[in-house]
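Colleague: Below is the structure I would like to discuss, written out as structure tokens.
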Amino acid sequence: MANRKTVIVTGGSGGIGGAICCRLADAGCNTVVHYHSDHDAAKKKVDEIKAAGGSAIAAKCNLSDEQQVAELFDHVIAEFGKVDGVVACAGVGGGGPVVESTLDDFQKLLSVNVVGAYLTIREAARRIEEGGRIVFVSSQLAERPREGTGLYSATKAAIDAMIVSMSRELGARGITINSVRPGATEPGMFASSSEERKAYFRNLSPFKRLGHPDDIAGVVEFLLSDDARWITGQHLRVDGGASN
1 MANRKTVIVT GGSGGIGGAI CCRLADAGCN TVVHYHSDHD AAKKKVDEIK
51 AAGGSAIAAK CNLSDEQQVA ELFDHVIAEF GKVDGVVACA GVGGGGPVVE
101 STLDDFQKLL SVNVVGAYLT IREAARRIEE GGRIVFVSSQ LAERPREGTG
151 LYSATKAAID AMIVSMSREL GARGITINSV RPGATEPGMF ASSSEERKAY
201 FRNLSPFKRL GHPDDIAGVV EFLLSDDARW ITGQHLRVDG GASN
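Using UniProt numbering, the final residue of the sequence shown is 244, and nothing's skipped along the way.
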């Protein structure tokens, strides 16, 4: 157990986050399944991992609360002795034309997608072991905003920009920081979209299908590995060619 890498996955009780947790646990990591409110989903994921012989704990945290984020890292370090990797996967969706949006709409997205991600990544940079790995789960829409995605796209693009700067700040410690940009993925936030919208995004990919959480999890696992030591400050498209 002492030699296992320890990785925190925010939003670990969700679709993409849950797949990442399972993938990392299968690879031998101590996996921290973060959740905000859905304790049952997090516990179910931890039980699934443990039943398969893996190591995992659930950890509750409001990521927009600076003190709670610090306490999350305190808890993980007390439990496992260190943090080797952090995957900032927690996020909320929201759409509609910008002209029809409200400040409250935007602030809700900012609270989780920007403030929560910023506090998570900043604390990771402060606490992570030398040679550690940080991965942000961004979106294809950060690079290719589409009609009705302006607010959401802006929040993801903000953290992507921060990652490029941080890659230069953390390199001396051997820490890499990158983002992955999934396309439309189901199950996940996209699952509640209309069939018409799903068909539109399905047809953007040469494979004519939506992404699956496992499609994303494998790339995240790679970026957390030693094999990705020469990749930093990058945004990897993981969208089935939809952005081509």
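We put the beta carbon where it would ideally sit given N, CA and C, even for glycine. Owing to the predicted nature of the structure, the values given are computational and were not obtained by experimental measurement.
Which word fits Glu-123, buried or exposed, when buried means at least 16 other C-beta atoms lie within 10 angstroms of its C-beta?
Modeller: In the sequence shown, the residue the question calls residue 123 occupies position 123. So Glu-123 ends up on the buried side.
Colleague: Going straight from the alpha carbon of Leu-94 to that of Gln-68, what length do you get?
Modeller: Position 94 of the sequence shown holds residue 94. Position 68 of the sequence shown holds residue 68. For clarity, residue 94 is Gly in the given sequence; the question names Leu instead. For Gly-94 and Gln-68, the distance between alpha carbons rounds to 25 Å.
Colleague: Count the other CB atoms, across all protein chains shown, that sit within 10 Å of the CB of Gln-140; report buried if there are 16 or more and exposed otherwise.
Modeller: Counting from one through the sequence shown, the residue named residue 140 turns up at place 140. Buried is the call here.
Colleague: Please report the straight-line C-alpha distance between Gln-233 and Ala-125, rounded to a whole angstrom.
Modeller: Here the question's residue 233 lines up with position 233 in the sequence shown. Here the question's residue 125 lines up with position 125 in the sequence shown. First, the residue type needs correcting, since residue 233 is Gly and not Gln in the sequence shown. Whole-angstrom Cα-Cα distance: 14 Å.
Colleague: Does the region 99-113 come close enough to the region 78-86 that 3 or more CB-CB pairs lie under 8 Å?
Modeller: Cβ pair count under 8 Å is below three, so no.
Colleague: Could you please give me the residues that DSSP links to Tyr-35 through a beta bridge?
Modeller: Start at 1 with the first residue of the sequence shown, and residue 35 comes out as number 35. DSSP output for Tyr-35 lists Lys-60 as bridge partner(s).
Colleague: Would you list the residues sitting across from Gly-218 in a DSSP beta bridge?
Modeller: Taking the sequence shown and counting its residues from 1, one reaches residue 218 at position 218. In DSSP, Gly-218 forms no bridge with anything.
Colleague: For Leu-72 and Asn-244, I'd like the C-alpha separation in whole angstroms.
Modeller: Locating residue 72 in the sequence shown gives position 72, counting from the first residue. Locating residue 244 in the sequence shown gives position 244, counting from the first residue. In a straight line, the C-alpha of Leu-72 is about 39 Å away from that of Asn-244.
Colleague: Residue range of the beta strand (DSSP E) that Leu-236 falls in?
Modeller: As a working mapping, residue 236 is identified with position 236 in the sequence shown. Segment 235-238, the beta strand (DSSP E) holding Leu-236.
Colleague: DSSP three-state label for Ile-77, please.
Modeller: Residue numbering aside, residue 77 sits at position 77 when the sequence shown is read from its first letter. Helix at Ile-77.
Colleague: Report yes if the CB atom of Cys-21 is closer than 8 Å to the CB atom of Thr-6, and no otherwise.
Modeller: As a position in the sequence shown, residue 21 is number 21, starting the count at 1. As a position in the sequence shown, residue 6 is number 6, starting the count at 1. Their beta carbons are not under 8 Å apart, which means Cys-21 does not touch Thr-6 by this criterion.
Colleague: Quick one: Cα of Phe-201 to Cα of Ala-242, how far?
Modeller: Along the sequence shown, one-based indexing puts residue 201 at 201. Along the sequence shown, one-based indexing puts residue 242 at 242. Distance between the alpha carbons of Phe-201 and Ala-242 is about 8 Å.
Colleague: Going by C-alpha distance, which of Val-92, Ala-184 and Asp-227 is nearest Ala-154?
Modeller: By 1-based counting over the sequence shown, the position of residue 154 is 154. Ranking the options by Cα distance to Ala-154, first place goes to Val-92.
Colleague: Go through its chain and collect everything with a Cβ distance to Met-1's Cβ below 6 Å, but skip five positions before and after it.
Modeller: Taking the first residue of the sequence shown as position 1, residue 1 is located at position 1. Low confidence applies to Met-1: its pLDDT is 42, below 50, so where it sits in the model is not reliable enough to give any reading.
Colleague: Near Ala-217, what residues of its chain come up, given a Cβ to Cβ distance below 6 Å and the 5 sequence neighbours on each side ignored?
Modeller: Position 217 of the sequence shown holds residue 217. Answer for Ala-217: Ala-19, Ile-20 and Arg-23, listed in chain order.
Colleague: Return helix, strand or coil for Ala-88, following the three-state DSSP convention.
Modeller: Locating residue 88 in the sequence shown gives position 88, where the first residue counts as 1. Here Ala-88 sits in strand by DSSP.
Colleague: Straight-line CA distance for Arg-173 to Ile-49?
Modeller: As a first step, residue 173 must be located in the sequence shown, where it is residue number 173. As a first step, residue 49 must be located in the sequence shown, where it is residue number 49. Arg-173 and Ile-49: Cα-Cα distance of roughly 31 Å.
Colleague: In its own chain, which residues sit with a C-beta less than 7 Å from the C-beta of Arg-181, not counting the 5 before and 5 after it?
Modeller: Reading the sequence shown from its first residue, position 181 is the one you call residue 181. The residues are Ser-138, Ser-139, Gln-140, Ala-142, Glu-143, His-235, Leu-236, Arg-237, Val-238 and Asp-239.
Colleague: Quick one, are the C-beta atoms of Gly-12 and Ala-52 less than 8 Å apart?
Modeller: Translated into positions along the sequence shown, residue 12 becomes position 12. Translated into positions along the sequence shown, residue 52 becomes position 52. No.
Colleague: How big is the Cα-Cα spacing for Tyr-118 and Glu-130?
Modeller: As a position in the sequence shown, residue 118 is number 118, starting the count at 1. As a position in the sequence shown, residue 130 is number 130, starting the count at 1. Each residue's alpha carbon lies about 20 Å from the other.
Colleague: Out of curiosity, what's the CA-to-CA distance linking Ile-128 and Val-32?
Modeller: To locate residue 128, count along the sequence shown from 1; it is residue 128. To locate residue 32, count along the sequence shown from 1; it is residue 32. Each residue's alpha carbon lies about 14 Å from the other.
Colleague: DSSP three-state call for Gly-211: helix, strand or coil?
Modeller: Looking up residue 211 in the sequence shown gives position 211. In the structure shown, Gly-211 sits in a strand (DSSP, three-state: E or B).
Colleague: Which word fits Asn-203, buried or exposed, when buried means at least 16 other C-beta atoms lie within 10 angstroms of its C-beta?
Modeller: Within the sequence shown, numbered from 1, the residue matching residue 203 stands at position 203. By the neighbour-count rule (16 or more Cβ atoms within 10 Å), Asn-203 is not buried but exposed.
Colleague: Are the Cβ atoms of Ala-56 and Ala-78 separated by less than 8 Å?
Modeller: Within the sequence shown, the letter at position 56 stands for residue 56. Within the sequence shown, the letter at position 78 stands for residue 78. In this structure, Ala-78 does not lie closer than 8 Å to Ala-56 by Cβ.
Colleague: Just list the alpha helix (DSSP H) runs in the region 111-198, keeping only unbroken ones of 4 residues or longer that don't cross its boundaries, in chain order.
Modeller: Here the runs fully enclosed are 117-127, 140-143 and 150-170.
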